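Protein chains in written order, with the working numbering: chain A, 233 to 450; chain B, 233 to 450.
Every residue, glycine too, gets a C-beta built ideally from N, C-alpha and C.
Keep in mind the model is a prediction, meaning the values are calculated, not measured.
Input: a single structure, listed below in structure tokens.
There are 2 protein chains.
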Amino acid sequence: MLSQAEENYLKEIYALGEETQKLVSTNSIAKKMKTKASSATDMLQKLANKGLVDYTKYKGARLSKKGETRAMVIVRKHRLWETFLVDKLGFSWDEVHDIAEQLEHIQSKTLTNRLDAFLEYPSHDPHGHPIPNTNGKIVASESIILAELKVDEEGIVVGVKDASDSFLKYLNKINITIGDTIKIVEIEPFDNSVTIDNNTQQITISGNVAKNLYIKSE
Amino acid sequence: MLSQAEENYLKEIYALGEETQKLVSTNSIAKKMKTKASSATDMLQKLANKGLVDYTKYKGARLSKKGETRAMVIVRKHRLWETFLVDKLGFSWDEVHDIAEQLEHIQSKTLTNRLDAFLEYPSHDPHGHPIPNTNGKIVASESIILAELKVDEEGIVVGVKDASDSFLKYLNKINITIGDTIKIVEIEPFDNSVTIDNNTQQITISGNVAKNLYIKSE
DNA sequence: AAATATTTTTAGTCTAATCTAAAAAATAGG
DNA sequence: CCTATTTTTTAGATTAGACTAAAAATATTT
Ligand SMILES: [Mn+2]
Ligand SMILES: [Mn+2]
Ligand SMILES: [Mn+2]
Ligand SMILES: [Mn+2]
């Protein structure tokens, strides 16, 4: 059995690996975990000893097959619980992360699968992130980021890349949410800001925001 | 914030205190927690330092007002989650304890209260144990134990005192569950075993079993 | 390619929670 | 009421996970 600390590391190493596709650095892990680099090194050595990460001193780490399997279980639980909190208990998408951060460590396969059934096998969590199935498989989604759309193109918001509190609260403020249909009105080449129209309003968002919205083009 | 270990100790000290009404011994705590007496002593000292228990060396401990408040929150969460697992996810009453043992440590007042609302403010958990309200208050129930009934008296099973796996599984086997109406057919003075009739069957249970069933007499 | 800066690892310390072994206090039985 | 037994506490060790400071490796600049 893995400790909560080990599980949290595995999950973040997974997330960082997905983002960059290459070896994950000690520093990036430390930053994500809000610990010091020396602590991250300690943990990498431990996880390497347990065969959960492939790790070369000074070079970086990636999840082993075994580690990825474990990570996917945690991601699955995290996203199922987030879905539960929003769909059944009426939380909003910017309130659920910290609670799911705890709930993801509950150990009971049966519980996870019954929760899945209770939620009617959701494919995505409240942030539009795919929920791995019992076997840890994720159904590949064909979404792109909003920043890739051209003027006059249209698409539906299907998720956020950054699910941080501040970003979600910002989206709440400017009234953009999953399911919105968005049309590109103008792209400012100077700073890559994008003016969009979501039927009820026309607003301009920064290039950074445009890079953190997943869109399904029609 | 309390650690999971501290929370578990508080909860068990509460439970032992309820049973016996007097000071709780180091040994009894150690036994409940499945640790050694020396570990229990360490924890008692720590909890005493934090003002959560009143503890006198070699004499025993009881929860302070502050400690009881904390304990009640944990008991409330434990019982709400058990109710969730049975009512919403279809677990049976003998499967939920270990999972609730983990879920009771999730920190979020909002979550607890929304769960309570989602379950429609249950007054008792699947074992018939009262669920403390937001203020940690328990509504006193006027149930008695089956062993106190006399021949020909009748009552409804409203809960179990012992909620251990083995006892619950035994009750499943002999087909007794909460809500059953039971009539005392005979009491054997030699060993206090009791023959009961629950409408569908007539069976004899040991005195020990009779002491672990809560009954509401009509 | 040397010097400087950054990243990563190691060495050593700390705290929480556990354990074993031994000492101290309380209790029970003759 | 004294001795034997049981209970409880203390002392000292261990493990996980964090930290700081210093050393070692790697990367970046002149
Ligand atoms: Mn977590
Ligand atoms: Mn999410
Ligand atoms: Mn617990
Ligand atoms: Mn219960």
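List, in order along the chain, the chain A residues whose C-beta lies closer than 9 Å to that of residue i?
i                      : result
residue 338 of chain B : 331, 334, 335 and 338
residue 242 of chain B : Going along chain A, no residue has its Cβ under 9 Å from residue 242 of chain B, so there is no contact; the nearest lies around 19 Å.
Could you check the C-alpha separation between residue i and residue j for me, to the nearest Å?
i                      : j                      : result
residue 405 of chain B : residue 414 of chain B : 16 Å
residue 354 of chain A : residue 322 of chain B : 19 Å
residue 312 of chain B : residue 385 of chain A : 49 Å
residue 239 of chain B : residue 301 of chain B : 11 Å
residue 288 of chain A : residue 252 of chain A : 17 Å
residue 430 of chain A : residue 436 of chain A : 11 Å
residue 408 of chain B : residue 345 of chain A : 29 Å
residue 356 of chain A : residue 264 of chain B : 42 Å
residue 331 of chain B : residue 334 of chain A : 14 Å
residue 236 of chain A : residue 337 of chain A : 6 Å
residue 316 of chain A : residue 380 of chain B : 44 Å
residue 341 of chain B : residue 324 of chain A : 16 Å
residue 423 of chain B : residue 374 of chain B : 27 Å
residue 383 of chain A : residue 420 of chain A : 10 Å
residue 277 of chain B : residue 256 of chain B : 14 Å
residue 233 of chain B : residue 348 of chain B : 22 Å
residue 327 of chain B : residue 391 of chain B : 16 Å
residue 296 of chain B : residue 446 of chain B : 28 Å
residue 438 of chain B : residue 426 of chain B : 6 Å
residue 393 of chain B : residue 368 of chain B : 20 Å
residue 299 of chain B : residue 241 of chain B : 10 Å
residue 387 of chain B : residue 443 of chain B : 14 Å
residue 399 of chain A : residue 440 of chain A : 11 Å
residue 292 of chain B : residue 403 of chain A : 56 Å
residue 273 of chain A : residue 363 of chain A : 30 Å
residue 285 of chain A : residue 303 of chain B : 40 Å
residue 371 of chain B : residue 350 of chain B : 20 Å
residue 401 of chain A : residue 395 of chain A : 10 Å
residue 254 of chain B : residue 248 of chain B : 9 Å
residue 279 of chain B : residue 343 of chain A : 33 Å
residue 307 of chain A : residue 243 of chain A : 7 Å
residue 397 of chain B : residue 262 of chain B : 20 Å
residue 428 of chain B : residue 359 of chain B : 20 Å
Name, please, each residue of chain B whose Cβ falls closer than 8 Å to the Cβ of residue i.
i                      : result
residue 294 of chain A : Within 8 Å Cβ-Cβ: nothing; residue 294 of chain A doesn't reach chain B, min ~30 Å.
residue 351 of chain A : Result: empty, since nearest Cβ-Cβ is about 10 Å, beyond 8 Å.
residue 445 of chain A : Simply none; closest approach about 28 Å.
Which chain B residues are close to residue i, counting only those with a beta carbon under 9 Å from its beta carbon?
i                      : result
residue 249 of chain A : Chain B residues near residue 249 of chain A: none, gap ~28 Å exceeds 9 Å.
residue 378 of chain A : Under the 9 Å cutoff, chain B gives no residues; its nearest Cβ is about 32 Å from residue 378 of chain A.
Please list the partners that residue i has in chain A, where partner means a Cβ-to-Cβ separation under 8 Å.
i                      : result
residue 347 of chain B : 321
residue 234 of chain B : Those do not exist, as residue 234 of chain B stays about 14 Å from chain A at its closest Cβ, beyond 8 Å.
Using only the heavy atoms of ligand 6, determine whether one of them is closer than 7 Å to the beta carbon of residue i.
i                      : result
residue 236 of chain B : As far as ligands go, the structure on display features ligand 1, ligand 2, ligand 3 and ligand 4 and does not contain ligand 6.
Show which residues of chain B have a CB atom less than 7 Å away from the CB atom of residue i.
i                      : result
residue 276 of chain A : Within 7 Å Cβ-Cβ: nothing; residue 276 of chain A doesn't reach chain B, min ~25 Å.
residue 284 of chain A : What residue 284 of chain A touches in chain B: nothing, since even the nearest Cβ is about 22 Å away.
Residue i touches chain A at which residues, Cβ-Cβ below 7 Å?
i                      : result
residue 279 of chain B : Correct list: empty, because the minimum Cβ distance to chain A is about 22 Å.
Exercise for review: Would you list, in chain order, the members of the segment 408-425 of chain A that have their beta-carbon closer than 7 Å to a beta-carbon of chain B?
Suggested key: Taking 7 Å as the Cβ-Cβ cut-off, the segment 408-425 of chain A has no residue approaching chain B.
Practice item. Write down every uninterrupted run of the alpha helix (DSSP H) in the segment 236-280 of chain A whose length is 4 residues or greater and which is fully enclosed by it, in chain order. Key: Segments of the alpha helix (DSSP H) lying fully in the segment 236-280 of chain A: 236-252 and 258-265.
Practice item. Jot down the residue ranges of each uninterrupted alpha helix (DSSP H) in the segment 335-400 of chain B, minimum 4 residues, whole runs only, in chain order. Key: Within the segment 335-400 of chain B, the runs of alpha helix (DSSP H) that reach at least 4 residues and sit entirely inside it are, in chain order, 341-350.
Practice item. Could you name the residues of the segment 293-323 of chain A whose beta carbon sits closer than 9 Å to any beta carbon of chain B, in the order they occur along the chain? Key: 317, 320, 321, 322 and 323
Exercise for review: Check distances from the C-beta atoms of the segment 380-404 of chain B to those of chain A and list, in chain order, the residues that come in under 8 Å.
Suggested key: none
Review point. If you measure from each residue's Cβ to the nearest non-hydrogen atom of ligand 1, which ones come out under 6 Å, in chain order?
Key: That gives A:240, A:333, A:336 and A:337.
Review point. How would the residue list near ligand 4 read, in chain order, if you kept each one whose beta-carbon is closer than 6 Å to any heavy atom?
Key: B:311, B:314, B:357, B:359, B:361 and B:395
Practice item. Output the residue ranges of the alpha helix (DSSP H) runs that lie fully inside the segment 275-335 of chain A and measure 4 residues or longer, sorted by chain position. Key: Runs found: 297-319 and 329-335.
Check your understanding: Taking Cβ-Cβ distances below 9 Å as the criterion, which residues of the segment 253-268 of chain A are in contact with chain B?
Key -> Answer in chain order: no residues at all.
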